[in-house]
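Engineer:
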Amino acid sequence: MLRIPAGASSLATGIVFVELFGIKPDMDAINQGSCLCGAVTYQVATPLKAATHCHCKKCQKGHGAAFATYASARRSDVTIQAVRDTLKSYESSPGITRQFCSECGSSLFWSDAKGKYPEWISIALGTLDTPFKVQNQAHSCIESKAPWLRG
Numbered sequence: 152m153l154r155i156p157a158g159a160s161s162l163a164t165g166i167v168f169v170e171l172f173g174i175k176p177d178m179d180a181i182n183q184g185s186c187l188c189g190a191v192t193y194q195v196a197t198p199l200k201a202a203t204h205c206h207c208k209k210c211q212k213g214h215g216a217a218f219a220t221y222a223s224a225r226r227s228d229v230t231i232q233a234v235r236d237t238l239k240s241y242e243s244s245p246g247i248t249r250q251f252c253s254e255c256g257s258s259l260f261w262s263d264a265k266g267k268y269p270e271w272i273s274i275a276l277g278t279l280d281t282p283f284k285v286q287n288q289a290h291s292c293i294e295s296k297a298p299w300l301r302g
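Counting from 152, one number per residue, gives the positions in the sequence shown under this note's numbering.
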């Protein structure tokens with residue numbers, strides 16, 4: 152398990168992680184996912200990259216969990232469909248946009264418009280409806296790890 156230094160964004164470090172370790176997801180699959188109620192669905196035309204478990208306080212609050220697990224794809228490879236304008240956005244930090252379903256509250260995506268990889272979007276892996284195979288994973292922002300989480 153790789154640990155990422157403090158201050159590094161999970162998207163940027165995840166992409167570097169892919170470049171260094173060569174994550175090999177199923178190349179024939181199109182990833183599909185949805186929120187809990189099904190009002191927001193998405194398809195990813197390319198394999199997801201950079202599986203990262205983010206322990207930052209914003210991911211903890213946004214997911215109501217000890218950490219959030221994301222993988223990334225180029226924004227141009229992601230098609231999002233939402234019923235009745237249910238996909239909502241929230242800027243949690245300057246340039247950082249988190250997107251969620253306004254019906255069921257599922258956290259779905261985040262992106263960094265001002266960062267090193269503005270053309271990428273990170274997808275909450277818990278929302279995938281198709282299998283996702285990853286050989287390696289990374290943890291980021293472990294200095295913010297929930298104190299009650301073991302390991």
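Glycine included, each C-beta is placed from N, C-alpha and C at the ideal position.
This structure is a prediction, so every number in the text was calculated from the model and none was measured.
#1: Find the nearest neighbour of V229 within the set A219, S185 and K267, judged by alpha-carbon distance.
#2: Taking the C-alpha atoms as reference points, what is the distance between S240 and E294?
#3: Distance, Cα to Cα, N182 vs P245?
#4: If you reduce the DSSP assignment to three classes, tell me which class C292 lands in.
#5: Out of S257, D280, F218 and L276, which one is the CA nearest neighbour of T237?
#6: At the level of alpha carbons, what is the spacing between R226 and W271?
Structural biologist: Working from what's here:
#1: S185
#2: Each residue's alpha carbon lies about 27 angstroms from the other.
#3: N182 and P245: Cα-Cα distance of roughly 29 angstroms.
#4: coil
#5: S257
#6: A direct Cα-to-Cα measurement between R226 and W271 gives close to 5 angstroms.
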